[in-house]
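Taking it in order: structure first as structure tokens, then the write-up.
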Amino acid sequence: MITLSINGVKVQAESGASVLGIARANGVWIPSLCHHDSLSDYGACRLCLVEIIGRGGRRKVTTSCTLPAAEGLEVVTESERLTRLRRLVMELILASCPQSPAVLELAEKMGVKSGRLETNPANDCILCGLCVRACREISQAEAISFGNRGVERKVTTPFGELSHRCVLCGACVFVCPTGSRLLNLAKIAGEEPRALLSRFDAELTSTGAISRPFPQAVPNVPAINPLACLKLNRDACGLCEKICEAKAICYQDADRLRKLDVGAIIAAPGFEPFVPDHDYGQGYTTNPDVVTSMEFERMLSASGPFGGHVVRPSDGRAPRRIAFLQCVGSRDVSCRNGYCSSVCCMYAVKEAIIAKEHQSKVEPTIFVMDIRAFGKDFDKFVERAKSEYGIVFKYSRVADVVRDEKTGENEVVFTDESGRLQRERFDLVILSVGLEPSADMRRLARALGVNMNAFGFIWTEPLRPLATSRAGLFAAGAATGPKDIPETVIQASAAACEAARLLAPARNTLVTAKTYPPERNIAGEPVRVGVFICHCGINIAGVVDVPFVKDYAATLPGVAYADHNLYTCSQDTQKLIKQCIEEHRLNRVVVASCSPRTHEALFQETMRESGLNPHLFVMANIRDQCSWVHQRDPQGATEKAQDLVRMAVAMARLAAPLKSVALPVTPTALVMGGGLSGMTAALAIADQGFKVCLVEKDKELGGNLRKLQKTLDGQDLQALLSATIGRVRNHSNIQSHVGAALREIKGFVGNYESALSDGAVFKHGAIVVATGALEYQPKEYGFGQHKNIITQLELGRRLEQGLKNEPSSVVMIQCVGSREEPRLYCSRVCCSKAVQNAIRLKALYPRADVHVLYRDMRTYGLREPYYADARDQGVLFTRFDLSARPEVTWNGKGGAPTVSVKDPILGQTMTLEPDLLVLSTGMIADSEANDALAKQLKVPLNQDGFFLEAHVKLRPVEFATDGIYVAGLAHAPKSADESTAQALAAASRACVLLSRRELEAHGTIGDVDAERCVACGLCEKICAFGAITLEVQRIGRSDRLLAKINPALCKGCGACSASCRCGAITLRGFTDEQIMAEISAL
Amino acid sequence: MTACKQVDLKTLARELLATGKVEVFIGYQVATQPLMAAPLIIHTALGASHAQQASNPDAERDLARKVDALIFDDRCEMNLVNYLHKFKDRKVAIVVKGCDSRSVVGLLQEKQVDRKKLIIIGAPCRGIIDRRQAGSEIYTACRECPVHNPVIADYVIGAPVPQPETPELSPEVEALRKLPAEQRWERFHKEMSKCILCYACRNLCPACYCKTCFADASKPKWVGRTDDPSDAMMFHLQRLMHLGGRCTGCGACVRGCPMQVDLRLYNDHLRSHVKQEYGFMAGMDEVAQPPLAMYGTDDCNEFIR
Amino acid sequence: MNEQHSEWQPRILAFLCNWCSYAGADLAGVSRLQYPPNVRIVRVPCSGRVNPGYILKALQEGVDGVLVSGCHPGDCHYLTGNYHARRKFRLLKELLDFVGVEDGRVQFAWVSAAEGAKFAQVMAEVTEKVRALGPNRRLAKKIGNPKSQ
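Structure (structure tokens):
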């Protein structure tokens, strides 16, 4: 290191470094156009003139960029002479390059106006040579250089020909200070540069060779794209390594093969969206206004390529009429995807609604074959889309999309329900693309040694939906077939359950507990805050005046010590912080650096290692929320950083150590319901070594499974039933209570005590609700009045034995009691059941006419091929609207039922006289029982009387109240395999709880001040987690009703505190006092 | 109002006290000032059993005299419900007008009184004489009152009175709403500048029963005590927020204010907002859920970006 | 003071929920989206934690504007905190509007963890709106408050 002086101020620098760079690093501004930190200096623009003071005070003018620093060098950057000279140079640059915004801006800053010299408006190159140096030094391509002499001099390729050496990296364009139009890669290399497209943005935006995959990526760090990186591919560039002050770049990192010993494997490789290529038609590859739903999803996102504005890609205008074409790449044997993708109907409806919300003038039309809204509460969503948002559904088959090049409109050509060809014009067409197995699924399946199904998804056992063809290997999610989010989340937990069953004995054997020094008791100590302010390399210090903020922090009340560090998060600094805590007897620590969301835990760890409670730590975010977002306003940023530090110190002064509470867990589960779900959950929990108490209200186990014979794919459910009951009865960890009900339940997560109607009383830590549902008993279509009118379940039972008489005609009516008020939900299984029975009928009685009257056939996912099969077998399917439902009549006592329904193709009423009329009845919640249980457990029901989970997408088996889980039909109608998966998932979640010896309630929880509480009950109503109850408590000598917060259930949101009028509840760690102190500190 | 027995006030009081059904009877008596009634609280001797009470002739006489002093007429302005907080653990009977009865419902909702220990004596009311108008008129609030008959009562004294049509919103508030923000601010500033932070409004309000009012709390200190109007504003705005969805419009705060701060304007405004937005009227239905303990997924979102 | 700060600068306080809006603010930083430096941030667990009293107190302390931002409806980390907050804030807004506090002194936004761009935009818009209103003179305490002179 040497010392030189700039404007009389002594600064330290490395010998030989550029004086321009040193001046800038020390906050001294010198104009320049041709300097770039990562390129060699060249002195081309001549703007960075400075004076150096020689012996005897002689002043010499030179360019600072090419001036190497030397010991004792005296530099002056501002003088009249320099201003005059720089202005002259600027005038010349301005004349040669009069329209570049960057040049104009700098000229204005230097006080130079154009006018004196002749200008050349066509030129925008100042011949600084940055591009040439970038091409040589960064890309090492040497594709461009200076050519010609004198006024002819220009940047060009050798002989002005297209360059083979150009790698299209764009570094020249990037570094050009004037943004010159002359740097045109098409002219240099004869090729347009290919942008690296962002996969996350559906390739609608570009990204860099180093980037974060998407904002919430885990881990959320940038990574080098090995296919695009110049360093990795051509050993050129290496710029990132030079720039990264944290020295985090390592080009040597490579894929490594690792060998792991594991007891189970879960495969969840997901899916890929279908790509409608050229052969597929509908113009996706040629028509700019035909986009896929994935693209449209990004287009609608506020953080997407258009900031959430709905625009037409071709002209950027707002579209009015938009069309969604469903089943693109699904339900289509021509592209070998004979299955239904299950999710497209709902995402199309969602996207249509969002588009409408973003832009009320949008008129969406959805072209469907069937509206498959089979999920929980999906039909209500569709009805809202129709009634509130005016979204139009058109039953149709789309043939093509034809673009009118003149108007830019797109004609959707389709056949309507009556079979007529129709055309409608739209501004934008969205293809609702389906789900496909990922491209390398085959390779993965081979590597894992598991079988695939006919469509290339991983095959799983029909009744053990996570088990693959290989023992110990499980598959979950869309890799085994298309699925919506809740189903994949359920499967993920269920797969974990299957794995845990095998691994239960090894639980916790690989854990090593960390030990900490005993916590220092700071009670009675005066507040001594230590403040550490981070430079984060130049990330903060490049904008915020860190030393100044540090000096400021030292003056704040309560601050005993203030320091600044190059990287406060580094290992060295952690040591330093620990030393400082000891040396200065600090009892609060404030770090002003990046975001607590990423780094709070690290610093809290340092606190614990120093024997301080982690809650005595407060962070001020002066990078992500300050220096990075106010780069152009260093003063404003510095003032803001001061304020943020002051607020953090005010908060820290009031910080108190928070204790976490450990509560024991009783390793037993209560499973309510002894049907398929209840038994499956009980077995899964019991297999993991926990006790289970299984309660069934009926006299025997089995529930609804007792009424079912076979699944759609022919699996014997009665065999499953007897096997499951057998295992439950013989399992040493399961205690069954049949014919029993829950009489009373006390306690909370981990610590329940229940009493049953049969007198049993026991303690348990978790509850699984699997109480099932009921078959709807129809009043419609003459059910119960005619012996030939039966339900689908009854038909299934009769078909097992064979019908007494061969039928000549069977009619099935779908959605009986489902999908209309007062039960506006789909029962999910009836369509598949009808298809199953129809196929069976056709197999047994090929001559019989089988007619299915439906509203939408909902044979979702891998059930679709059976629907196709039924049609192939000659089963007739006729759609009806709710407004024109079938009518059923019969003559006298003996007459056969007559069904009349409108045929949409003929447009006429069709009359059928079946031997058997089969009603596909839905499922209904056992409202009375559910209501009673919901009240006992304090968990909610939805409006149809089914149990309402914590989050319909992300937490499908849990309740908001910890320790209670739901599975099977009690949650919503579903098939046997789906119930099984959900039961395993609920068991999995329960076992996470039961496997802990104790629950650690975190410190940031609500706290009731008994002196202030008036027991008005508002907090109890507001708490979403059931953590607050009003209880009589002994206070001093009297018993008083008070709010009580259960630390095991409190999540620390503070809604209770903010609502308490009396100020009786505070949130530890975020107390009213602390927040008010922050407010007052501002 | 559910149908219940019409009774004579004094007969009822005598019986309730004599049979020990209540220990405290809260009603009205004639006040010393003209056109006013004062509260009359009749206790049976503390801890004395019914029999002991009866055997003490002095106490008996005293009780009889007090019962005879009970009145109910158009001078009975005060909302007596506030006294319920004082007799939380006792068996109490209380005389309530329509407006006051809503305060009782509010307290029942918020579990501040035990219904089992409370006998509510409803008093249908045509409006209270405005003594500032020398008795020629009833109070404006009474003209606009939507509940001339109590919403909850075990006994009723006198026949139900006809319920006149009342405006949805007091014309004064409606007029104020229409003024530009500048003028509304001037009005607010004027009202707040009158306030001397004596807290009479709070002390008289049946819905203000916190053990430690935020205004008296020191950690943190929500309200300063200077004569800067912003301190009064902080107090009143926060109190108004606390009363949102709870204020029944009984008018106790306005009647009790020594500086004639017109708090009714602001409480009325919020009350009508809550009614319009959530269809909720405080103190009308014991089992209704208060709007601020609830939420709707489709609540108004327009004011949020 | 350099030139750009010689004019009056509004001081704005923002309460951001930890899970969505604070993360959105971080994302704006990571994406280097530039916005005016007038807003000071208080991190709270949930928008439901924000007592309307904080907002009033901040205004009394002389802050020129207050923003509360939380997760979008339905996305609350604590399930319903933002729904409860929305009702409370609606009431506060009704009250402040009625007493004549300028529209825009107190503002609300839903910003998700993915909406860095929206966060930067909200910051710019809130700052501009408050700047247009001028200094907070109505609710600010005049006695003994050096900040509101």
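Chains as they are written, first to last, in this note's numbering: chain A, 1 to 1082; chain B, 1083 to 1387; chain C, 1388 to 1536.
Ideal Cβ positions, reconstructed from N, Cα and C, are used throughout, including at glycine.
Given the structure is predicted, the values throughout are model-derived calculations rather than measurements.
Nearest-angstrom Cα separation, counted from residue j out to residue i
{"i": "residue 280 of chain A", "j": "residue 819 of chain A", "result": "34 Å"}
{"i": "residue 38 of chain A", "j": "residue 44 of chain A", "result": "16 Å"}
{"i": "residue 616 of chain A", "j": "residue 3 of chain A", "result": "42 Å"}
{"i": "residue 481 of chain A", "j": "residue 245 of chain A", "result": "47 Å"}
{"i": "residue 1530 of chain C", "j": "residue 1421 of chain C", "result": "36 Å"}
{"i": "residue 1289 of chain B", "j": "residue 1013 of chain A", "result": "15 Å"}
{"i": "residue 705 of chain A", "j": "residue 675 of chain A", "result": "7 Å"}
{"i": "residue 171 of chain A", "j": "residue 154 of chain A", "result": "18 Å"}
{"i": "residue 352 of chain A", "j": "residue 301 of chain A", "result": "13 Å"}
{"i": "residue 841 of chain A", "j": "residue 511 of chain A", "result": "58 Å"}
{"i": "residue 380 of chain A", "j": "residue 1040 of chain A", "result": "46 Å"}
{"i": "residue 494 of chain A", "j": "residue 626 of chain A", "result": "44 Å"}
{"i": "residue 135 of chain A", "j": "residue 237 of chain A", "result": "9 Å"}
{"i": "residue 1249 of chain B", "j": "residue 1226 of chain B", "result": "6 Å"}
{"i": "residue 274 of chain A", "j": "residue 1424 of chain C", "result": "45 Å"}
{"i": "residue 1083 of chain A", "j": "residue 335 of chain A", "result": "Within the shown structure, residues of chain A are numbered from 1 to 1082, placing residue 1083 of chain A beyond reach of any answer."}
Under 8 Å from the C-beta of residue i: neighbouring residues of chain C
{"i": "residue 1278 of chain B", "result": "By Cβ distance, chain C contributes nothing, its closest Cβ being about 15 Å from residue 1278 of chain B, past 8 Å."}
{"i": "residue 1024 of chain A", "result": "1465, 1466, 1467, 1468"}
{"i": "residue 1070 of chain A", "result": "1431, 1432, 1436"}
Burial state of residue i, where buried means 16 or more other Cβ atoms lie within 10 Å
{"i": "residue 29 of chain A", "result": "exposed"}
{"i": "residue 1063 of chain B", "result": "Because chain B in this structure spans residues 1083 to 1387, residue 1063 of chain B falls outside the shown range and cannot be described."}
{"i": "residue 647 of chain A", "result": "buried"}
{"i": "residue 161 of chain A", "result": "exposed"}
{"i": "residue 1198 of chain B", "result": "exposed"}
{"i": "residue 1380 of chain B", "result": "exposed"}
{"i": "residue 1404 of chain C", "result": "buried"}
Amino acids of chain B, ordered along the chain, whose beta-carbon sits closer than 9 Å to that of residue i
{"i": "residue 1073 of chain A", "result": "1301, 1302"}
Contact list for residue i against chain C, beta-carbon separation under 7 Å
{"i": "residue 623 of chain A", "result": "1416"}
{"i": "residue 1320 of chain B", "result": "1440, 1443"}
{"i": "residue 1053 of chain A", "result": "1432, 1433, 1435, 1436, 1465, 1468"}
Interface residues of chain B facing residue i [CB-CB closer than 7 Å]
{"i": "residue 1062 of chain A", "result": "1292, 1293, 1294"}
{"i": "residue 1406 of chain C", "result": "Per Cβ cutoff of 7 Å: no residues; residue 1406 of chain C is ~17 Å from chain B at best."}
Query raised in the report: Taking only runs of the beta strand (DSSP E) that begin and end inside the stretch 549-633 of chain A, which ones reach a length of at least 3 residues, in chain order?
Result: 559-565, 588-593, 617-621
**Report entry** 4 or more residues per run - each alpha helix (DSSP H) lying fully within the stretch 356-416 of chain A
**Finding:** 378-387
**Report entry** Runs of beta strand (DSSP E) lying entirely within the stretch 1411-1453 of chain C, each at least 3 residues, in chain order
**Finding:** 1426-1431
Query raised in the report: Going along the chain, which residues of the stretch 1005-1020 of chain A sit with their C-beta nearer than 7 Å to a C-beta in chain B?
Result: 1011, 1012, 1014, 1015, 1016, 1017, 1018
Query raised in the report: Could you give the uninterrupted runs of the beta strand (DSSP E) lying entirely in the stretch 277-353 of chain A, keeping only those of 3 residues or more?
Result: 290-292, 321-328
Requested in this report: For the stretch 899-945 of chain A, list the beta strand (DSSP E) runs that are entirely contained and at least 3 residues long, ordered along the chain.
Outcome: 908-912, 916-921
Query raised in the report: Residues in the stretch 1436-1453 of chain C with C-beta within 7 Å of chain B's C-beta atoms, listed in sequence order?
Result: 1439, 1440, 1443, 1444, 1447
Query - Those runs of the alpha helix (DSSP H) which lie wholly inside the stretch 1231-1276 of chain B and span at least 4 residues - result: 1253-1260, 1263-1276
Requested in this report: With a floor of 4 residues, list each alpha helix (DSSP H) that falls wholly inside the stretch 800-845 of chain A, ordered by position along the chain.
Outcome: 830-844
Query raised in the report: Going along the chain, which residues of the stretch 1197-1229 of chain B sit with their C-beta nearer than 9 Å to a C-beta in chain C?
Result: none
Query raised in the report: Listed in chain order, which residues of the stretch 639-654 of chain A have Cβ atoms closer than 8 Å to some Cβ of chain C?
Result: 639, 640, 643, 644, 647
Query raised in the report: Residues in the stretch 1509-1521 of chain C with C-beta within 8 Å of chain B's C-beta atoms, listed in sequence order?
Result: 1509, 1512
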